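Below is one structure, written out as structure tokens, with a few remarks after it.
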Amino acid sequence: MHLMNRAALACIGALAACAPAAVAAAADPAPAATAPPAAPTTTTTDARDIHSFARPGEARVTHVELDLRADFAAKRLAGTAALDVQAAPGARRIVLDTRDLTIQGVTDAAGAPLQWTLGTADTVLGRPLEVTLPPETRRIVVRYQTSPTAGALQWLTPAQTAGKRHPYLFSQGQAILTRSWIPTQDSPGIRQTYAARITVPRELRAVMSAEMLTPEGEAVEGGRAFRFRLDKPVPPYLIALAVGDLAFRALGPRTGVYTEPSMLERSANELADVEKMVAAAEGLYGPYRWGRYDVLVLPPSFPFGGMENPRLTFATPTILAGDRSLVSLIAHELAHSWSGNLVTNATWADFWLNEGFTTYFENRIMEALYGPERAAMLATLGWHELQDEVTAVGGPAAPDSRLHLDLSGRDPDAGMTSIAYEKGAAFLRTVEQAVGRARWDAYLRSYFDRNAFKPMTTAGFLADLRANLIGGDAELERRIGIERWAYQPGIPQNAVVPRSNAFARVASQAQAFAAGTGAAQLQTRGWTTQEWQHFLGALPKQLTPAQLADLGRAFGLSRQGNAEILFAWLQLAVRNRYQPAVPALEQFLTSQGRRKFVRPLFAELMAQGEWGRSLARSIYARARPGYHPVTSGSVDAIVK
Ligand code: BES
Ligand code: ZN
Numbered sequence: 048m049h050l051m052n053r054a055a056l057a058c059i060g061a062l063a064a065c066a067p068a069a070v071a072a073a074a075d076p077a078p079a080a081t082a083p084p085a086a087p088t089t090t091t092t093d094a095r096d097i098h099s100f101a102r103p104g105e106a107r108v109t110h111v112e113l114d115l116r117a118d119f120a121a122k123r124l125a126g127t128a129a130l131d132v133q134a135a136p137g138a139r140r141i142v143l144d145t146r147d148l149t150i151q152g153v154t155d156a157a158g159a160p161l162q163w164t165l166g167t168a169d170t171v172l173g174r175p176l177e178v179t180l181p182p183e184t185r186r187i188v189v190r191y192q193t194s195p196t197a198g199a200l201q202w203l204t205p206a207q208t209a210g211k212r213h214p215y216l217f218s219q220g221q222a223i224l225t226r227s228w229i230p231t232q233d234s235p236g237i238r239q240t241y242a243a244r245i246t247v248p249r250e251l252r253a254v255m256s257a258e259m260l261t262p263e264g265e266a267v268e269g270g271r272a273f274r275f276r277l278d279k280p281v282p283p284y285l286i287a288l289a290v291g292d293l294a295f296r297a298l299g300p301r302t303g304v305y306t307e308p309s310m311l312e313r314s315a316n317e318l319a320d321v322e323k324m325v326a327a328a329e330g331l332y333g334p335y336r337w338g339r340y341d342v343l344v345l346p347p348s349f350p351f352g353g354m355e356n357p358r359l360t361f362a363t364p365t366i367l368a369g370d371r372s373l374v375s376l377i378a379h380e381l382a383h384s385w386s387g388n389l390v391t392n393a394t395w396a397d398f399w400l401n402e403g404f405t406t407y408f409e410n411r412i413m414e415a416l417y418g419p420e421r422a423a424m425l426a427t428l429g430w431h432e433l434q435d436e437v438t439a440v441g442g443p444a445a446p447d448s449r450l451h452l453d454l455s456g457r458d459p460d461a462g463m464t465s466i467a468y469e470k471g472a473a474f475l476r477t478v479e480q481a482v483g484r485a486r487w488d489a490y491l492r493s494y495f496d497r498n499a500f501k502p503m504t505t506a507g508f509l510a511d512l513r514a515n516l517i518g519g520d521a522e523l524e525r526r527i528g529i530e531r532w533a534y535q536p537g538i539p540q541n542a543v544v545p546r547s548n549a550f551a552r553v554a555s556q557a558q559a560f561a562a563g564t565g566a567a568q569l570q571t572r573g574w575t576t577q578e579w580q581h582f583l584g585a586l587p588k589q590l591t592p593a594q595l596a597d598l599g600r601a602f603g604l605s606r607q608g609n610a611e612i613l614f615a616w617l618q619l620a621v622r623n624r625y626q627p628a629v630p631a632l633e634q635f636l637t638s639q640g641r642r643k644f645v646r647p648l649f650a651e652l653m654a655q656g657e658w659g660r661s662l663a664r665s666i667y668a669r670a671r672p673g674y675h676p677v678t679s680g681s682v683d684a685i686v687k
């Protein structure tokens, strides 16, 4: 008992770094002689999170228990969040994050009212909810409801779904939106287990990033209730919910897909390799620790390509190309089950630890499953994206071209660019090349094990790298330049640049076209999606209407069903004010709301004088009502 208390206190002292799992482990009575040494110093993996009001050193949430009803008419979730609290001795309050929540009351576990106050609203952070804690309070219960405009939630009308008959709801928590539907400490360093009971209209189903306890739901007054539990502690941005007319199909023994019934066949076919992906990932970096791995294919307004919600990746339907050519996105979200969901960026300044590691790992899964050439093509596309992104953030001296970000006074979203993904991946490739793949893979696997269920900072990673890979090899450290990679802007000279032989052939065809060869004469037989993407990206930025017409006609580009190829084509078309592509552009922008596609197209339109600006305004007027707040928020800043 004594031991447990001390461990708990150490955790509180260590601020955000302590997961409930660590407390539980420490509580396991071990014989004194073999007691493990005290946890290594946490100073390098702790960090104050400027994007949360929480003061976990005083009192922190360890477990969330939701009992919510989804009211589609009012576009509100309403009910209670019971929070288990671990408080330091003498702590008299706990501070939670909220945003646009209506708080109806706070009690202790026995129902006795507790005092609470909502602080002033900050445009980025929302409002702190401070609850007074009487001594010995272990659990508080917040009764609340969400706003119809909650940033994390999108309430879809039946018209916005594939089936057109039922409404739909989904959440998107990353980065700091969970506080708009759950009053908790919304910081990635404050891991929490969770359980939930979600009541929905009888004809709908609820799914969450957790173990599903009631696959068919339970009949309750006014609907069906679904219960869930996740007993592994996760950062709150990974708590996720979707409600809709959902069907399920198994893909393998521990994998499956949820989507609307009319999307099930296509989705299951596209995702046929998911079971093998999990095995490939495990083969690389150790056991998958979350039990099942399912994918939810959402309606087209889902603002991201994918979101790595534990046990249940959320994915855009724009990956359904019909030929499985865009499944690297699933490899990416799956890889987050290690990088991000197991070892988690301590704050959003360390976002690259989630995305850079995951982009690297994604590529390794693709290589293991589909071979080095496909992986090289994907990595090369990423490398080109990195060059463009360095320019977009202001060039190689720009602060936002750094891995470790300075986000003071900013919405974390502002710093979340491809730099984290592609410069991060390039850094890890460079370390891999310096030490050799075998040594690197062994290190990375041990890194995930050592740091599982813990937050990680950039400094913490560098310290881990020094302790467990570089050792005292000063020459190796100098050769890699780890500090420069982590903290300086631009792309270091020693970056390992991916090379694809297939792309060299594609580039020569793009040159031939630029030099006057007709599109029909180009050698494009057998090209994969990635080769088409590279081809369109390698064409001269300025093309004549005749050249665009030739390309469009020869390759049927405006009728392209592959969203990535269509996107690359539409960028080219808009940049050159190519009027015949406008109907396809309008169709694309009004039929899906993935921010990665939507935002650059509106930005390019706005850069094209009155031709583009008036198009942008008229298309956006039609498209905006269908977009998720994440997407419309970004496009508002461009078009308005
Ligand atoms: N975790 C991200 C999505 C995200 C990032 C949401 C930042 C909110 C804030 C996810 O894993 C991701 O990176 N998705 C990419 C696809 C991936 C293949 C690069 C996307 O949505 O485009
Ligand atoms: Zn990611």
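Residue numbers (the numbering used here): 48 to 687. Every residue gets a Cβ at the ideal spot worked out from N, C-alpha and C, and that includes glycine. Predicted model, so just to flag it, every value in this text is computed and none were measured.
Does residue i pass the burial test, meaning 16 or more other C-beta atoms within 10 Å, or should it be called exposed?
i: Leu-590; result: buried
i: Tyr-407; result: buried
i: Thr-149; result: exposed
i: Leu-428; result: buried
i: Leu-163; result: Just to set this straight, residue 163 is Trp in the shown sequence, not Leu. Trp-163 comes out buried.
i: Trp-616; result: buried
i: Gln-556; result: buried
i: Val-267; result: exposed
i: Lys-687; result: exposed
i: Gly-507; result: buried
i: Thr-363; result: buried
i: Gln-558; result: exposed
i: Thr-184; result: buried
i: Arg-421; result: buried
i: Ser-665; result: exposed
Starting from residue i, trace the beta strand (DSSP E) in both directions and tell me its first and last residue.
i: Thr-240; result: 239-247
i: Pro-280; result: 270-281
i: Ala-413; result: Here residue 413 is Met; the residue named in the question, Ala, does not match the sequence. Run containing Met-413: none in the beta strand (DSSP E); it sits in the alpha helix (DSSP H), 398-417.
i: Ser-218; result: 215-218
i: Gln-462; result: According to the sequence displayed, residue 462 carries Gly and not Gln. Looking at the DSSP string, Gly-462 is not in any beta strand (DSSP E); the run it does join, the alpha helix (DSSP H), is 459-462.
i: Thr-360; result: 359-362
i: Trp-163; result: 163-165
i: Gln-151; result: 149-155
i: Asp-341; result: 340-344
Using a Cβ-based criterion (distance less than 8 angstroms to any ligand heavy atom), does residue i qualify as near ligand 1?
i: Asp-460; result: yes
i: Glu-633; result: no
i: Ala-222; result: yes
i: Phe-398; result: yes
i: Asn-392; result: no
i: His-383; result: yes
i: Ser-375; result: yes
i: Met-699; result: Look at the range of the chain in this structure, 48 to 687, and you will see that residue 699 is not part of it.
i: Gln-219; result: yes
Just to check, is the beta-carbon of residue i closer than 8 angstroms to a non-hydrogen atom of ligand 2?
i: Gly-353; result: yes
i: Glu-688; result: The shown model of the chain, from 48 to 687, leaves out residue 688, and the question about it has no answer.
i: His-98; result: no
i: Glu-380; result: yes
i: Tyr-407; result: no
i: Gly-173; result: no
i: Tyr-494; result: no
I'd like to check one pair, residue j with residue i: are the Cβ atoms closer than 9 angstroms?
i: Ala-156; j: Val-188; result: yes
i: His-451; j: Ala-396; result: yes
i: Ala-106; j: Val-142; result: yes
i: Arg-271; j: Ala-197; result: no
i: Leu-433; j: Ile-466; result: yes
i: Asn-609; j: Asp-458; result: no
i: Phe-361; j: Phe-217; result: yes
i: Leu-652; j: Arg-660; result: yes
i: Tyr-674; j: Val-645; result: yes
i: Leu-632; j: Val-621; result: yes
i: Leu-416; j: Asp-320; result: yes
May I ask which residues mark the beginning and end of the alpha helix (DSSP H) holding residue i?
i: Phe-644; result: 642-653
i: Asn-316; result: 311-317
Task: Any 3 or more C-beta pairs closer than 8 angstroms across the stretch 275-291 and the stretch 242-259 - done: yes
Open item on the list: Below 8 angstroms, how does it come out for the stretch 468-480 and the stretch 407-416: are there three or more Cβ pairs, yes or no?
Closed with: yes
Open item on the list: Using a Cβ distance threshold of 8 angstroms, determine whether the stretch 224-238 contacts the stretch 264-283, with at least three qualifying pairs required.
Closed with: yes
TODO: Taking 8 angstroms as the threshold, find out whether the stretch 531-543 comes into contact with the stretch 439-447 through three or more Cβ pairs.
DONE: With a cut-off of 8 angstroms on Cβ pairs, the stretch 531-543 is in contact with the stretch 439-447, counting three or more such pairs.
TODO: May I ask you to verify whether the stretch 293-303 touches the stretch 335-351, counting CB pairs closer than 8 angstroms and requiring at least 3?
DONE: A contact exists between the stretch 293-303 and the stretch 335-351.
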